[in-house]
Structures are given as structure tokens and as C-alpha cells.
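Remarks on the structure that follows.
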Amino acid sequence: MNVFPVLLLTACTTERKVYVNRPIPANLLSDCLPNLPSKSMTFGYSLRYNEHLLNVIEKCNADKRAIREINSFD
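Per our numbering, the sequence shown starts with residue 316, numbered consecutively.
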């Protein structure tokens, strides 16, 4: 099995990566903390609270997506 010529071909490239230090904004790195529920929770309030939690998750996912976009620039 002759693997070495393949390795030599993959090592020849003119592409050069330049890394630029881009700071990630602090607002993207902050914790996503939901409001705590009240001690007495009704069924209706629990539905609204679930919606609140889903919004917090959505915001965190948007922050992570923004961080990935910042890191993807080469």
C-alpha cells in the first residue's frame, strides 16, 4: 500500500490562513438567566413561564449563532 504520494500531494498548497484577533462582544458571553417563577404557580402561569423559558433559550441560541459567525470569518 503506497500512502506517501497522497500525503505529499495534500501537503502542497498555496493557501495561507491569517488569524485576526476579533474580540467577542461581552453581551454575547453573558449568562442567559431566566426569571425565577413565583412560589405559587397556577397552571396558566406555568404556561406563560414555559414561554418565557423558551424565549431565554432562543436568545441564548442567537448569541451562540453570533459567536459562531464571528469565529467563522477567516
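Heads up, the beta-carbon is just placed ideally off N, CA and C, and yes, glycines get one too.
Quiz item: Relative to the C-alpha of H367, which residue among N376, N386 and N350 is closest?
Solution: Residue mapping note: residue 367 aligns to position 52 of the sequence shown, counting from 1. With distances taken between Cα atoms, H367 lies closest to N350.
Exercise. Sort S361, N336, C347 and R331 by Cα distance to K379 and report the nearest one.
Key: As a first step, residue 379 is located in the sequence shown; it is residue number 64 there, counting from the start. For K379, the nearest C-alpha among the options comes from C347.
Quiz item: What separation, rounded to the nearest whole angstrom, lies between the Cα atoms of R383 and N336?
Solution: Counting from one through the sequence shown, the residue named residue 383 turns up at place 68. Counting from one through the sequence shown, the residue named residue 336 turns up at place 21. Going by the C-alpha atoms only, they are around 14 Å apart.
Exercise. Please check the pair I339 and I372, which I expect to be a contact at CB under 8 Å, by giving their CB distance rounded to whole angstroms.
Key: As a first step, residue 339 is located in the sequence shown; it is residue number 24 there, counting from the start. As a first step, residue 372 is located in the sequence shown; it is residue number 57 there, counting from the start. Wrong, their Cβ atoms sit about 20 Å apart, outside the cutoff.
Quiz item: Is the beta carbon of A377 less than 7 Å from the beta carbon of L343?
Solution: As a working mapping, residue 377 is identified with position 62 in the sequence shown. As a working mapping, residue 343 is identified with position 28 in the sequence shown. It is not a contact, given that the beta carbons lie outside the stated cut-off.
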